[in-house]
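Student: In the order they appear, the protein sequences are chains C and A. 0 is the number of the first residue of the first sequence in numbering that gives the first Met the number 0; add one for each residue after it. 0 is the number of the first residue of the second sequence in numbering that gives the first Met the number 0; add one for each residue after it. Dropping the structure in here first, questions after.
Protein chains: 2
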Amino acid sequence: MIVADGRQAMYRKVAAELRQGIADGAYGSGGRLPAEAALAQTYGVSRGTIRQALALLRADGLVTSRRGTRRVVLGTARVQTFSETVSFTRWARSLGEEPGGRVVDVVRRPADEVEREKLRLAEGEEVCMVLRVRTLSGAPVMVERSVYPRHIGEIVAQLDPAAVSHTVPLEEQGVQFTDVHHTIDVTFADADDADLLGCGIGDALLRERRHSTDPAGTPVEWSEDRYLPGTVAFTVHNSSATTGLSRRTTI
Amino acid sequence: MIVADGRQAMYRKVAAELRQGIADGAYGSGGRLPAEAALAQTYGVSRGTIRQALALLRADGLVTSRRGTRRVVLGTARVQTFSETVSFTRWARSLGEEPGGRVVDVVRRPADEVEREKLRLAEGEEVCMVLRVRTLSGAPVMVERSVYPRHIGEIVAQLDPAAVSHTVPLEEQGVQFTDVHHTIDVTFADADDADLLGCGIGDALLRERRHSTDPAGTPVEWSEDRYLPGTVAFTVHNSSATTGLSRRTTI
DNA sequence: CGCGTCGAGTTGTACAGCCAACCTGGCCAC
DNA sequence: GTGGCCAGGTTGGCTGTACAACTCGACGCG
Numbered sequence: 000m001i002v003a004d005g006r007q008a009m010y011r012k013v014a015a016e017l018r019q020g021i022a023d024g025a026y027g028s029g030g031r032l033p034a035e036a037a038l039a040q041t042y043g044v045s046r047g048t049i050r051q052a053l054a055l056l057r058a059d060g061l062v063t064s065r066r067g068t069r070r071v072v073l074g075t076a077r078v079q080t081f082s083e084t085v086s087f088t089r090w091a092r093s094l095g096e097e098p099g100g101r102v103v104d105v106v107r108r109p110a111d112e113v114e115r116e117k118l119r120l121a122e123g124e125e126v127c128m129v130l131r132v133r134t135l136s137g138a139p140v141m142v143e144r145s146v147y148p149r150h151i152g153e154i155v156a157q158l159d160p161a162a163v164s165h166t167v168p169l170e171e172q173g174v175q176f177t178d179v180h181h182t183i184d185v186t187f188a189d190a191d192d193a194d195l196l197g198c199g200i201g202d203a204l205l206r207e208r209r210h211s212t213d214p215a216g217t218p219v220e221w222s223e224d225r226y227l228p229g230t231v232a233f234t235v236h237n238s239s240a241t242t243g244l245s246r247r248t249t250i
Numbered sequence: 000m001i002v003a004d005g006r007q008a009m010y011r012k013v014a015a016e017l018r019q020g021i022a023d024g025a026y027g028s029g030g031r032l033p034a035e036a037a038l039a040q041t042y043g044v045s046r047g048t049i050r051q052a053l054a055l056l057r058a059d060g061l062v063t064s065r066r067g068t069r070r071v072v073l074g075t076a077r078v079q080t081f082s083e084t085v086s087f088t089r090w091a092r093s094l095g096e097e098p099g100g101r102v103v104d105v106v107r108r109p110a111d112e113v114e115r116e117k118l119r120l121a122e123g124e125e126v127c128m129v130l131r132v133r134t135l136s137g138a139p140v141m142v143e144r145s146v147y148p149r150h151i152g153e154i155v156a157q158l159d160p161a162a163v164s165h166t167v168p169l170e171e172q173g174v175q176f177t178d179v180h181h182t183i184d185v186t187f188a189d190a191d192d193a194d195l196l197g198c199g200i201g202d203a204l205l206r207e208r209r210h211s212t213d214p215a216g217t218p219v220e221w222s223e224d225r226y227l228p229g230t231v232a233f234t235v236h237n238s239s240a241t242t243g244l245s246r247r248t249t250i
């Protein structure tokens, strides 16, 4: 039985418990979960709440579900939450790596055409571009070029240049990244990339372009990250209806 | 008002209608959706059903949602359904490209260690490996190495070597790919890749490794696809809770 | 003019119930 | 043995209700 503390929805707490149970191997891999009705009774909630919790696990690819038979455990829990997939810092820490980096450049300038479309700005409005190198345990792995609309850029520009994370302070200032659209492909290093990552000009890099909006649907960031090959891989899960993204290291 | 025909769940039909409405610009980009209660009335269903429909749209990144205010339209509809993200053939067709390809090699052999783990096989069990080149409008863009457990491999091996799609006939045989886990990174062309794709040995390729299971949680495919840079990009969307994957061309 | 308060509107969470669709295993007839 | 049938168990789909949490504009006060 779980007690409501009002700070987190019941179904999320139930989901967390189930996730833990799966990670502990309480049901075995390929094993079966108890029926929804049974779970409802043991957790002292209604079946609807259990179904909400299970929908979260299903979106993470932890369990299957189909009509007529009990849910099957697909794999062990991935620790990463959504926020870790957006924040390089938290993601790295969750892997036991020590994230680092430095701000190479901060530029304020009028938005170009692509930026105006992505950030939904009018002609002539300014953006703030931050160029950073990011490291894992000291070794450079990624170049990040983030473009922010002005009001957010102000916050970023005033951060300690040595700050490891920009996401955390931004969230503390009330900036939320709730909807993120990623595009992943391959590109090739330009002179700056080569210099910052210590690779050759023209070497292949794994590119992630990221477009984030806040809960109101207002664009808050447009970023292009370039990773050295072999340092990270992106993992995505999708079921027939819902899916989940995470990032993992390949070092 | 939508009529139930019993072949598709109401909430999916409502979702499809809303998707269409968004694509048609009925609500405008950045505009607001009607309230759940209003939608429930216009479609003649309960609010719960509307919420199920909206959950689908949210997972696709089409709308935001937060407490206290109406949903905001984030972007226009992406046509691609989940199945298109798994089937190269359907994906290509949905873009107006003509997919093609040829089977280069079919091998039956004992599963190696990785394959045994991915397909959950016992030592000594055989797998069927299919090596294919896939083309878009005639140009080779991808090398696919798919490994199937025996009983599925039998079906694949008996397909017409000129068959464009393997997924479609497999589904007709009752093989379903409901849960798919993707890993995306960069790798480098070996001699076979270079030969088949017409690139140089050691050239960078975008790699997608794919692990699919059926509704019962049984592994059905373990595949490694290698794309020429610049031909495709993977796009992923995630909201705080749910996410959606699609693939798009960059040609 | 700026500021806080208030209230209507809206989504989130949770409960209870009902039936349909479907899977599984056991039983029975052949 | 083999195949079909049936009953029980289980999830999917849908409805209805209630309240909590939150947003945002209107309004009034200083």
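Idealized CB from N, CA, C, for every residue including glycine.
Which chain C residues sit within Cβ distance under 9 Å of A:Gly225?
Tutor: One detail in the question is off: residue 225 of chain A reads as Arg in this sequence, not Gly. In chain order: nothing, as chain C lies at least about 11 Å away.
Student: Only counting the same chain, and skipping five residues up and downstream in sequence, which positions put a Cβ closer than 8 Å to that of C:Pro160?
Tutor: Once the five neighbours on either side are set aside, the close Cβ partners of C:Pro160 are Arg101, Val102.
Student: Would you mind giving the Cβ-Cβ distance between C:Met9 and C:Thr63, rounded to the nearest angstrom? I have them listed as a contact below 8 Å.
Tutor: Wrong, their Cβ atoms sit about 23 Å apart, outside the cutoff.
Student: Output, in chain order, the set of chain A residues within a Cβ distance shorter than 9 Å of C:Ala277.
Tutor: Residue 277 of chain C lies beyond the range of chain C shown here (0 to 250); nothing can be said about it.
Student: By DSSP, does C:Phe233 sit in helix, in strand, or in coil?
Tutor: Note: C:Phe233 maps to strand in three-state DSSP.
Student: Between the C-alpha atoms of C:Arg208 and C:Arg108, what's the straight-line distance to the nearest angstrom?
Tutor: Using only the alpha carbons, I get a separation of about 20 Å.
Student: Are the CB atoms of A:Ala39 and A:Leu17 nearer to each other than 8 Å?
Tutor: No.
Student: Please tell me whether C:Val142 and C:Cys127 are closer than 8 Å, where the distance is taken between their beta carbons.
Tutor: It is not a contact, given that the beta carbons lie outside the stated cut-off.
Student: Which runs of the alpha helix (DSSP H) at least 4 residues long sit entirely within the stretch 156-197 of chain A? Give them in chain order.
Tutor: Runs found: 166-171, 190-196.
Student: With a CB to CB cut of under 8 Å and the five nearest residues on each side skipped, what residues in its chain are close to A:Val140?
Tutor: So the qualifying residues of the chain are Arg133, Thr134, Leu196, Tyr226, Leu227, Thr230, Val231.
Student: Output, in chain order, the set of chain C residues within a Cβ distance shorter than 9 Å of A:Pro228.
Tutor: Within 9 Å Cβ-Cβ: Asp184, Val185, Thr186, Phe187, Ala203.
Student: Give the list of continuous beta strand (DSSP E) stretches no shorter than 3 residues that lie fully inside the stretch 13-52 of chain C.
Tutor: Fully enclosed beta strand (DSSP E) runs of 3 or longer: not present.
Student: For A:Arg89 and C:Val155, what's the separation of their Cα atoms in angstroms?
Tutor: When rounded, the distance between both Cα atoms is 43 Å.
Student: Run down chain A in chain order and give the residues with a C-beta less than 8 Å from the C-beta of C:Gly197.
Tutor: Those within 8 Å of C:Gly197 in chain A number zero; the least Cβ separation is about 17 Å.
Student: I'd like to check one pair, C:Ala193 with C:Asp202: are the Cβ atoms closer than 8 Å?
Tutor: Taking 8 Å as the Cβ cut-off, C:Asp202 and C:Ala193 qualify as a contacting pair.
Student: Whose Cβ in chain C lies nearer than 7 Å to the Cβ of A:Val181?
Tutor: In the sequence on display, residue 181 of chain A carries His and not Val. The answer, in chain order, is Thr234, Val235.
Student: Classify A:Arg11: buried if its beta carbon has 16 or more other beta carbons within 10 angstroms, exposed otherwise.
Tutor: So A:Arg11 counts as exposed.
Student: Tell me whether A:Ala138 sits in a helix, a strand or coil according to DSSP, three-state version.
Tutor: Strand at A:Ala138.
Student: Does chain C have any CB closer than 8 Å to the CB of A:Ala215?
Tutor: Yes, its Cβ sits closer than 8 Å to a Cβ of chain C.
Student: Closer than 7 Å by C-beta to A:Thr217: which residues in its own chain qualify, once you throw out the five before and the five after it? Chain order, please.
Tutor: Closer than 7 Å at Cβ, skipping near neighbours: no residue.
Student: Name the chain C residues that come within less than 9 Å of A:Ser238, Cβ to Cβ?
Tutor: Within chain C, the residues near A:Ser238 are Phe81, Thr177, Asp178, Val179.
Student: Looking at A:Pro168 and A:Val158, is the spacing between their C-beta atoms short of 8 Å?
Tutor: First, the amino acid is wrong: residue 158 of chain A is Leu here, not Val. Yes, these two residues count as a Cβ contact at 8 Å.
Student: List, in order along the chain, the chain A residues whose C-beta lies closer than 7 Å to that of C:Leu73?
Tutor: Those within 7 Å of C:Leu73 in chain A are Asp178, Thr212, Gly216.
Student: Could you give the C-beta distance for A:Glu96 and A:Ser136, rounded to a whole number, given that I count them as a contact under 8 Å?
Tutor: Contact holds; Cβ gap of about 5 Å.
Student: Kindly list the residues whose CB is nearer than 8 Å to the CB of A:Ala162, restricted to its own chain and excluding five residues on each side of it in sequence; keep chain order.
Tutor: Pro168.
Student: Can you grab the Cα-Cα spacing for the pair C:Thr166 / C:Ser45, in whole Å?
Tutor: Spanning the two alpha carbons is a distance of roughly 37 Å.
Student: Which of the three DSSP states, helix, strand or coil, is assigned to A:Arg89?
Tutor: Three-state DSSP puts A:Arg89 in a helix.
Student: Quick one: Cα of A:Gly43 to Cα of A:Val13, how far?
Tutor: Approximately 10 Å, taken between the alpha carbons.
Student: What is the DSSP secondary structure of A:Leu56, reduced to helix, strand or coil?
Tutor: In the structure shown, A:Leu56 sits in a helix (DSSP, three-state: H, G or I).
Student: Please report the Cβ distance between A:Val146 and C:Asn237, rounded to the nearest whole angstrom; I am assuming they are in contact, meaning their Cβ atoms lie under 8 Å.
Tutor: About 20 Å separates the two Cβ atoms, so there is no contact after all.
Student: Listed in chain order, which residues of the stretch 85-115 of chain A have Cβ atoms closer than 7 Å to some Cβ of chain C?
Tutor: Listed by position, the residues of the stretch 85-115 of chain A near chain C (Cβ gap below 7 Å) amount to none.
Student: In three-state DSSP terms, what is A:Gly152?
Tutor: In this structure, A:Gly152 counts as helix in the three-state DSSP scheme.
Student: Can you tell me which of the three DSSP states C:Leu118 falls into?
Tutor: In this structure, C:Leu118 counts as helix in the three-state DSSP scheme.
Student: So, are the CB atoms of C:Ala110 and C:Glu124 less than 8 Å apart?
Tutor: Cβ distance < 8 Å, so C:Ala110 and C:Glu124 count as in contact.
Student: Verify whether the separation of the beta carbon atoms of C:Val85 and C:Gly29 is less than 8 Å.
Tutor: No, they are not a contact pair.
Student: Just how far apart, CA to CA, sit A:Glu220 and A:Gly99?
Tutor: The alpha-carbon atoms of A:Glu220 and A:Gly99 are separated by roughly 21 Å.
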